[in-house]
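Visitor:
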Amino acid sequence: MIKGGFAVFFRVSVFYSSCIMVKYICIHIRKEELMIAYQRLQSNDDVWLKRIVKTFRQQELTDEKAREILQNKKIRIWMAYEEEHVCGYVLAYVLPRIDMGDDMLMIYHCFVHENYQRRHIAEEMMRRVID
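The numbering of the sequence shown is the working numbering, which starts it at 3 and goes up by one.
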């Protein structure tokens, strides 16, 4: 998790330094960012889950497996998309603690498709996961 945080911070740093140098690029990126939508997958989002697996894992997911994953209360998936294209996703597992504290959330994957990188998509998905 620390490495992922460092990568996001590094990308943000690079983005801000390039904004200072070229204002036009900064404005253009912000316009594109407005087209990205975010959502947490629900039990009826099997089509989106299949697209995520196809895009990032190059595998075909069966309807049965997709339903099983989406109905599991211990698995949580957030995604970013633009129109019908999956831009990125976060996969997290709810884990019990050994003490009396609340369950914890383990972030297992946080991926952004290379065509959508450097647009703060991972940062925004992680913000939504934490909220």
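Beta carbons are placed, not taken as given, at the ideal position from N, Cα and C, and that holds for glycine.
Flag Pro98 as yes if its beta-carbon sits less than 9 Å from any beta-carbon of chain D, otherwise no.
Guide: No chain D is part of this structure, which consists of one protein chain only.
Visitor: Rounding to the nearest angstrom, what Cα-Cα distance links Ile123 and Arg59 in this structure?
Guide: Taking the straight line joining both Cα atoms gives about 19 Å.
Visitor: In three-state terms, what does DSSP make of Met127?
Guide: Reduced to three states, the DSSP call for Met127 is helix.
Visitor: What is the residue span of the beta strand (DSSP E) that Arg69 lies within?
Guide: No beta strand (DSSP E) holds Arg69; the alpha helix (DSSP H) holding it covers 65-73.
Visitor: Going by DSSP, name the residue or residues bridged to Ile100.
Guide: Note: Ile100 sits in no beta bridge, so no partner.
Visitor: Which same chain residues, not among the five before or five after Ile71, have their C-beta less than 7 Å away from its C-beta?
Guide: Contacts found: Leu51, Ile77.
Visitor: What would DSSP say about Ile38, mapped onto helix, strand or coil?
Guide: Ile38 falls in the coil class under three-state DSSP.
Visitor: I need the straight-line Cα distance from Glu85 to Ile38, nearest angstrom please.
Guide: If you take the alpha carbons of Glu85 and Ile38, they lie about 8 Å apart.
Visitor: In its own chain, which residues sit with a C-beta less than 7 Å from the C-beta of Ala68, not counting the 5 before and 5 after it?
Guide: Around Ala68: Asp48, Leu51, Lys52.
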